[in-house]
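Undergrad: Just passing along the structure, written as structure tokens.
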Ligand SMILES: Cc1cc2nc3c(=O)[nH]c(=O)nc-3n(C[C@H](O)[C@H](O)[C@H](O)COP(=O)(O)OP(=O)(O)OC[C@H]3O[C@@H](n4cnc5c(N)ncnc54)[C@H](O)[C@@H]3O)c2cc1C
């Protein structure tokens, strides 16, 4: 089925309302890069594409803000901003093809989340089309403009289950003057984590701190556990890093750019190479990271200063031991990517029998009911639960 691709927010809202009136189910698609992500794709009567919405609506370089339509390519947007020495401080996977709407709807992030945060820290406003045919506008073009409930936050990470974003406003950051990456290799996981702890306790504020298991490091041509620290700033600041992070290998220029692009696209590359592959995301405290990572013998990449680890399993069988371990903890655990056949009817987001997560899902269901009472929009995309 060919997607319908309206070229204005109002047309898109009208298309949604027509579909809702006749109770047709709808699947929303940007560039279609993340079909293996989160909840299973269920058949839909209407495929609604956002690629007709590709305009820059407002760019204020002096205010460090931009408003852009949701079907705009994320990479093209960053290229445009880089010509002005600016960036959206997000480096999500599937970067070359992803759309702005797809990145925000999935709340994808990458190594830079260590310093800058995630889409929730970057989005300052948006417009979204509702199933009743209206276009809602929330937030604006200034960083502190929210009074009342910040409804835009609801859309971030909602996988298009509530409404369709038609444009997004971002706060921008200046591109760092220069960047360098400092890489350490360790035989022992706990030594690597001890180094991380020492760096975080010190004066440095790196842009990214990633820890790779030996099989993950091997994909980048390294041995053992690898700890990579990315620094950005003035030449003077980078010299300070060089002094503080002695005995590391320094990556610069093309080598450094390639290194971080490989890390950013590690999941995308893994899924291409391993058709039965599963990626599990686990959020822990920094101190619990050791307990989690000791359970893993295969590839992992840990955003080691943010507490988010991505575990790469060759098949669904590997999920059960992680689930069992996570049940006894407070780790937030989800199957981020898996083949279609593994996602139907499976538990993709760990909900513990003890209270808290159950309550939050009950509330999420009520919110879904308010936006989409007949369950027409992107059915089951939110980890099979909404
Ligand atoms: C050519 C083509 C034909 C298709 N044919 C069919 C078909 O016959 N039957 C069928 O059931 N499905 C069909 N689909 C839809 C497909 O099954 C998926 O639902 C769709 O491609 C979403 O994939 P994705 O997650 O990779 O999208 P991405 O673009 O990577 O988006 C990621 C997530 O973000 C959401 N999203 C993206 N942009 C926005 C936005 N602006 N606002 C809110 N949420 C957003 C998406 O819905 C998705 O959940 C087709 C898709 C394409 C491209």
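Residue numbers (this note's numbering): 1 to 386. Beta carbons: idealized from backbone N, C-alpha and C, even for Gly.
Below 8 Å between beta carbons: does that hold for residue 183 and residue 109?
TA: no
Undergrad: Report yes if the CB atom of residue 293 is closer than 8 Å to the CB atom of residue 307, and no otherwise.
TA: no
Undergrad: With a threshold of 7 Å (Cβ to nearest heavy atom), would residue 159 be considered close to ligand 1?
TA: yes
Undergrad: Tell me the DSSP bridge mates of residue 180?
TA: Paired residue(s): 231.
Undergrad: Which first and last residues belong to the alpha helix (DSSP H) in which residue 115 is found?
TA: 113–116
Undergrad: Would the beta-carbon of residue 69 fall within 8 Å of that of residue 83?
TA: no
Undergrad: Between the alpha carbons of residue 453 and residue 227, how many angstroms are there, rounded?
TA: What the structure shows of the chain is the stretch from 1 to 386, and residue 453 is not part of that stretch, so it cannot be assessed.
Undergrad: Check whether the Cβ atoms of residue 74 and residue 51 sit closer than 8 Å, and answer yes or no.
TA: no
Undergrad: Within the chosen definition, does the region 150–164 reach the region 116–128 through at least 3 CB pairs nearer than 8 Å?
TA: yes
Undergrad: Out of 386, 377, 382, which one is the CA nearest neighbour of residue 13?
TA: 377
Undergrad: Note the first and the last residue of the continuous beta strand (DSSP E) segment covering residue 166.
TA: For residue 166, the enclosing beta strand (DSSP E) begins and ends at 164–171.
Undergrad: With a threshold of 6 Å on Cβ separation, who are the neighbours of residue 338 within its own chain once the five nearest residues in sequence on each side are excluded?
TA: 278
Undergrad: Please work out which residues of its chain come closer than 7 Å, Cβ to Cβ, to residue 78, disregarding the five sequence neighbours upstream and downstream, and give them in chain order.
TA: Excluding residues within five positions, the ones whose Cβ falls inside 7 Å are 87, 88.
Undergrad: Taking 8 Å as the threshold (beta carbon to beta carbon), is residue 367 in contact with chain B?
TA: The chain labelled as chain B is not found in the depicted structure, where only one protein chain is given.
Undergrad: Any idea which residues DSSP pairs residue 349 with across the strands?
TA: 334
Undergrad: Using a Cβ-based criterion (distance less than 7 Å to any ligand heavy atom), does residue 29 qualify as near ligand 1?
TA: yes
Undergrad: In the structure shown, what three-state DSSP assignment does residue 262 receive?
TA: Looking at residue 262 - three-state DSSP - the assignment turns out to be helix.
Undergrad: How is residue 37 classed by DSSP in three states: helix, strand or coil?
TA: strand
Undergrad: Can you find at least 3 beta carbon pairs, one from the region 334–351 and one from the region 230–244, that sit closer than 8 Å?
TA: no
Undergrad: Classify residue 144: buried if its beta carbon has 16 or more other beta carbons within 10 angstroms, exposed otherwise.
TA: Answer is exposed; the Cβ neighbour count stays below 16.
Undergrad: At a threshold of 7 Å, does residue 41 count as lining ligand 1 (C-beta to nearest heavy atom)?
TA: yes
Undergrad: Just curious, the alpha helix (DSSP H) that residue 153 is in, first and last residue?
TA: Start and end: 151–155.
Undergrad: Counting pairs of Cβ atoms below 8 Å between the region 214–222 and the region 297–313, do you hit three or more?
TA: Contact holds: three or more Cβ-Cβ distances are below 8 Å.
Undergrad: Tell me whether residue 370 is buried or exposed, calling it buried when 16 or more other Cβ atoms sit within 10 Å of its Cβ.
TA: exposed
Undergrad: Taking the alpha carbon of residue 160 as the point to measure from, which residue in 199, 220, 35 has its own alpha carbon closest?
TA: 35
Undergrad: Cβ of residue 138 versus every heavy atom of ligand 3: is any distance shorter than 7 Å?
TA: Among the ligands in the structure shown, ligand 3 does not appear; only ligand 1 can be found there.
Undergrad: I'd like the list of long-range same chain contacts for residue 133, defined as Cβ closer than 7 Å, with 5 residues on each side in sequence excluded.
TA: Within the same chain, residue 133 has close Cβ partners 13, 14, 16, 17.
Undergrad: Look up residue 207 in the DSSP assignment and say whether it is helix, strand or coil.
TA: coil
Undergrad: Okay, do the region 198–213 and the region 163–172 touch, 3+ Cβ pairs below 8 Å being the bar?
TA: Contact fails: fewer than three Cβ-Cβ distances are below 8 Å.
Undergrad: Indicate whether residue 207 and residue 115 have their beta-carbon atoms separated by less than 8 Å.
TA: Residue 207 is a Cβ neighbour of residue 115, given a cutoff of 8 Å.
Undergrad: Tell me, to the nearest whole angstrom, how far the beta carbon of residue 93 is from that of residue 332; I am working on the premise that it is less than 8 Å.
TA: Residue 93 to residue 332, Cβ: 19 Å. No contact.
Undergrad: For residue 305 versus residue 196, is the C-beta distance shorter than 8 Å?
TA: yes
Undergrad: Taking buried to mean at least 16 other C-beta atoms within 10 Å of its own C-beta, is residue 374 buried or exposed?
TA: exposed
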